[in-house]
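Undergrad: Order-wise, the sequence lines are chains A and B. All the letters of the first sequence, read from the start, carry residue numbers 97 to 635 under the numbering used here. All the letters of the second sequence, read from the start, carry residue numbers 22 to 199 under the numbering used here. A virtual CB, placed ideally from N, CA and C, is assigned to each residue, including glycine. This one's a predicted model, so the numbers in the text were calculated from it and none came from an experiment. Below you'll find the structure I mean.
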Amino acid sequence: MADKPKPNDLLSEINYTPPSRKWMDTPVEWKKGYYCYGAKPKNLDYIGFPNGREWNVTEQDWKLVDNWKEIFLEGMENLLKKFRSFRLFMDICVRCGACADKCHFFIGTGDPKNMPVLRAELLRSIYRRYFTIAGKLGRIAGARDLTEDVFKELWYYFYQCTECRRCSVFCPYGIDTAEITMMGRELINLLGCCTDWISGPLANCYRTGNHLGLQPHTIKSNFEYMLDDLEEHTGVRVEPTFNRKGAEILFVTPSADFFAEPGVFTCMGYLLLFHQLGLDYTWSTYASEGGNFGFFTSNEMMKRLNSKIYAEAKRLGVKWILGGECGHMWRVLHQYMDTMNGPADFLEEPVSPFTGTKFENAKSTKMVHITEFTADLIRHGKLKLDPKRNDNHTVTFHDSCNTSRGMGIFEEPRYILNSVCNHFHEMPDNTIREQTFCCGSGSGLNAGEIEELRMLGGYPRANAVKYVKEKHGVNMLSCICAIDRAVLPPLIDYWVSDVGVCGVHELLGNALIMDGEKERENDLRGEPLPGMEDKGEEE
Amino acid sequence: MKISLLLSEKKHEIAKTWFDLIAGTYPQDTANFLKTQKNRFGNPVGYTISEGIDVILAELSGEMDVARVSRHLDNIIRIRAIQDFTPSQAVGFIFLLKQVIRKELADEIREHQLCDELLKIESHIDQLANVSFDMYMACREKMYKLRANELRNRTSRILKMSNMFKETDVEEKDPAGF
Ligand code: SF4
Ligand code: SF4
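In structure tokens form, the structure reads like this:
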């Protein structure tokens, strides 16, 4: 017995950081499952990003260009000049710590450098050193030299932030660490150090219009597949149009809704709704991506991808744009579009063709969120709904960071949910609305190779889901974001199990009574509706 | 005098010492956070550990409801299994309890000669550790499965529809393809 090390020795020796160790002296531990793969040169070349090369994050030599430091500092100077907010955020933090324990990555991983205040400090220390007078004093003034190790540390932690803004809600000065991460990533991109997961979809989106690089004929055949399913479930043949000039409305949604479950079921919900309304709209195979990976890459790239939606609206001659359940598309639109590519004067101020409601909030961008559109329809009694069809679901709602904190959509999805299902329960107050916990995979962090990080980052969210599952029997987690629909299922699978994930318009599609429909036996997933369980068996 | 009685009498002290030792396996700032933030949604790791500890202590000194203990043990292991601990660190917190009990109840054990009973409790604790290893492995396996399935699930419709990409091709050609 005596020869064996005591477990306590092992435990305390390896992971216990002595109190005297300051963060600057704590080296980065590259933990497997916590970092993404590096970008391939071909993708960076395609979008015209500099310094692409074959490199490997795990190798000592990142093959940075010789003058990398000048490029970084010059880039930083430019950003400080261009964005007043950036300089302000670098200057005004009083290190009060209010934000420290608000980040899901800190809560989940327990790594102190994931405290927002420290994450920002990683870059702030460089700012102090090179852009302030006090910084000449060095460490006493919280300043440090920019070295390759420091650059790698920045990289490691800026790709452990989902730019969710939860921390900013608690900062008395309104410091938005998400924006600091955005600046950090912009600098990282000057050195060709984007992640593979982000640069691939960027290149695809720039080239063909969506993340997977799906071409028009593939998109159309995906739709055929969905339309067949819909016909089978409802008896109604829906016939959408693509790239149709002169349509009143252009509809844009994340491409994942065309090909990945459970997103396709949300897409089926849109298709049913628009068909039932007789909406004069078109899909586009070019503006076939709501998601905007530029948003967490560089300001310029975000602008380029966003502009494609508007260019397509112009080309097709539509009056306004309707946007589906997406995360970053909306954050970009709400926070940046108007000053980046707007105002979209060639479009008309959106008016619902069915209720006459003017969407005054979209006066300048001319783009309306689908939940605003649908909630307005329900409010005006324009839809026949049978919420009993969702009686097998006890539903809760995850506020996506981008639509909630990023643009303030709280009520519309809830209004729809309460109209289309009978059993709805909120998660605890400090985990929803402004204080919502991130899915842990936003801002390009939904890469397969960082599953551990994502599971830990999503843990506070999953923990709240588990609570309502145990308390109210919740078995369906609804959301209005395609990333959520992709990443919440494995998250729930690991932490909670037996809770499904769906878009709000999937549940709407189930409940929507269509003209000329047959007796509905199945929901949009092909599962028997409540009370119809025996029918399938009889056949 | 029975050790189980002592355990329940001193459960607050024992729980606190055990919790502090577990928190000590994290960096200092994190340990402070785990100890001070009491909201169960704001600090799910701390809450899960402390709730689990309470249940394990109660069951050790009581009926030992295996299902209940397993559930709470699993909640803790599930976190530590992916928090970048080595396997022994991830489950080793169980053994810390032995140390805590010996320390907290040292006088009583000596005075009332409770060594036999202590051994019994300790073998229960060893049992918990055994189960914990299985749980740890199950969590790791789950992670591997999730990773393997994820890419396929994200492009499920395309794969189903036209077999355009072979599954392995998708992974190699375009790992970033959403
Ligand atoms: S923006 Fe979100 S992920 Fe980033 S530091 Fe703040 S809370 Fe954490
Ligand atoms: S809450 Fe604001 S001022 Fe306080 S430490 Fe965080 S960023 Fe700095």
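Does DSSP put A/P624 in a helix, in a strand, or in coil?
TA: Note: A/P624 maps to strand in three-state DSSP.
Undergrad: Helix, strand or coil, according to DSSP, for A/L106 in the structure here?
TA: Legend: pLDDT at A/L106 = 45, less than 50; position of this residue unreliable, value from coordinates given subsequently. It is helical.
Undergrad: To the nearest angstrom, report how far apart A/L625 and A/W151 are at their CA atoms.
TA: Taking the straight line joining both Cα atoms gives about 52 Å.
Undergrad: Since B/M85 meets chain A, which of its residues come closer than 9 Å, beta carbon to beta carbon?
TA: The contacting residues do not exist; B/M85 stays about 22 Å from chain A at best.
Undergrad: How would you write the range of the beta strand (DSSP E) that A/T492 sits in, first residue to last?
TA: Note, A/T492: beta strand (DSSP E), 491–493.
Undergrad: Does at least one heavy atom of ligand 2 sit under 7 Å from the Cβ of A/R333?
TA: No; taking the cut-off as 7 Å, the Cβ of A/R333 has no heavy atom of ligand 2 nearer than that.
Undergrad: Check for me: the beta strand (DSSP E) holding A/T378 runs from which residue to which?
TA: Segment 377–379, the beta strand (DSSP E) holding A/T378.
Undergrad: Kindly indicate which three-state DSSP category A/N571 falls into: helix, strand or coil?
TA: Coil at A/N571, not helix or strand.
Undergrad: Taking just the CA atoms, how far does B/W39 sit from B/L117?
TA: Those two C-alpha atoms are separated by around 7 Å.
Undergrad: Can you grab the Cα-Cα spacing for the pair A/C363 / A/L418, in whole Å?
TA: Rounded to whole angstroms, A/C363 to A/L418 spans 14 Å at the Cα level.
Undergrad: Note the first and the last residue of the continuous alpha helix (DSSP H) segment covering A/G359.
TA: Its alpha helix (DSSP H) spans residues 359–373.
Undergrad: Do we get a CB-CB distance below 8 Å when we pair B/K163 with the residues of chain A?
TA: At least one chain A Cβ lies under 8 Å of B/K163.
Undergrad: Residues bridged to B/H33 by DSSP?
TA: Answer is none; B/H33 lacks a bridge partner.
Undergrad: Where do the N-terminal and C-terminal ends of the beta strand (DSSP E) with A/F185 fall, by residue?
TA: It is not in any beta strand (DSSP E) - A/F185 instead sits in the alpha helix (DSSP H) that spans 180–188.
Undergrad: How is A/I203 classed by DSSP in three states: helix, strand or coil?
TA: Reduced to three states, the DSSP call for A/I203 is helix.
Undergrad: Quick one: what does DSSP say B/A197 is sitting in, helix, strand or coil?
TA: Confidence is the limiting factor: at B/A197 the pLDDT is only 39, short of 50, which leaves the residue's position unreliable and the question unanswerable from this model.
Undergrad: Residues of chain B with CB closer than 7 Å to the CB of A/M551, please, in chain order.
TA: Chain B residues near A/M551: I103.
Undergrad: Going along the chain, which residues of the region 46–63 of chain B sit with their C-beta nearer than 7 Å to a C-beta in chain A?
TA: Cβ contacts with chain A: T46, Y47, P48, Q49, D50, T51, F54, Q58, N60, F62, G63.
Undergrad: Could you tell me the distance, in whole angstroms, from the CA atom of B/A36 to the CA atom of B/A127?
TA: Going from the Cα of B/A36 to the Cα of B/A127 covers about 16 Å.
Undergrad: Would A/C535 pass as a contact of A/P358 if the rule is Cβ separation under 8 Å?
TA: No.
Undergrad: If you reduce the DSSP assignment to three classes, tell me which class A/M436 lands in.
TA: Of the three classes helix, strand and coil, the one that applies to A/M436 here is helix, per DSSP.
Undergrad: Measure the C-alpha to C-alpha separation of A/L620 and A/P483 and round it to an integer number of angstroms.
TA: So the two alpha carbons sit approximately 14 Å from each other.
Undergrad: Check distances from the C-beta atoms of the region 200–214 of chain A to those of chain B and list, in chain order, the residues that come in under 9 Å.
TA: Under the 9 Å Cβ criterion, the region 200–214 of chain A contributes F202, I203, G204, T205, G206, D207, P208, M211, L214.
Undergrad: Could you name the residues of chain A that B/V66 contacts, counting a contact when the two beta carbons are closer than 8 Å?
TA: Near B/V66 (Cβ distances below 8 Å), the residues of chain A are I203, G204, G206, Y555.
Undergrad: Does the count of Cβ pairs from the region 292–310 of chain A and the region 558–573 of chain A closer than 8 Å reach three?
TA: No, the region 292–310 of chain A does not touch the region 558–573 of chain A.
Undergrad: Which residues of the region 152–176 of chain A have a Cβ closer than 8 Å to any Cβ of chain B? Give them in chain order.
TA: If the cut-off is 8 Å between Cβ atoms, the region 152–176 of chain A has nothing near chain B.
Undergrad: Examine the Cβ distances between the region 321–337 of chain A and the region 606–617 of chain A and report whether three or more of them are shorter than 8 Å.
TA: Judged by Cβ distances under 8 Å, the region 321–337 of chain A makes contact with the region 606–617 of chain A, as three or more pairs qualify.
Undergrad: Suppose the cutoff is 8 Å on Cβ atoms and the five residues either side in sequence are ignored; what does the same chain contact list for A/E508 look like?
TA: So the list reads H465, T467, E468, T470, A471, once near-sequence residues are dropped.
Undergrad: Interface residues of chain B around A/A216 at Cβ under 7 Å?
TA: Those within 7 Å of A/A216 in chain B number zero; the least Cβ separation is about 15 Å.
Undergrad: Residues in the region 570–590 of chain A with C-beta within 8 Å of chain B's C-beta atoms, listed in sequence order?
TA: Result list: A582, P585, P586, D589, Y590.
Undergrad: Considering just the uninterrupted stretch of the alpha helix (DSSP H) at A/C497, what are its terminal residues?
TA: It spans 497–500 - the alpha helix (DSSP H) in which A/C497 sits, taken as one unbroken run.
Undergrad: Among A/V447, A/G386, A/C290, which one has its Cα closest to the Cα of A/T393?
TA: For A/T393, the nearest C-alpha among the options comes from A/C290.
Undergrad: As a quick exercise: from A/S496, A/I505, A/C199, A/N437, pick the residue whose alpha carbon is nearest that of A/N457.
TA: Among A/S496, A/I505, A/C199, A/N437, the Cα nearest to that of A/N457 belongs to A/I505.
Undergrad: Check this for me: beta carbons of A/F533 and A/A560, under 8 Å apart or not?
TA: In contact: A/F533 and A/A560 (Cβ atoms closer than 8 Å).
Undergrad: Which bits of chain B does A/N526 rub up against, with CB to CB less than 8 Å?
TA: Under the 8 Å cutoff, chain B gives N60, F62, G63.
Undergrad: Hey, how far is the Cα of A/T314 from the Cα of A/E545?
TA: One C-alpha to the other measures close to 27 Å.
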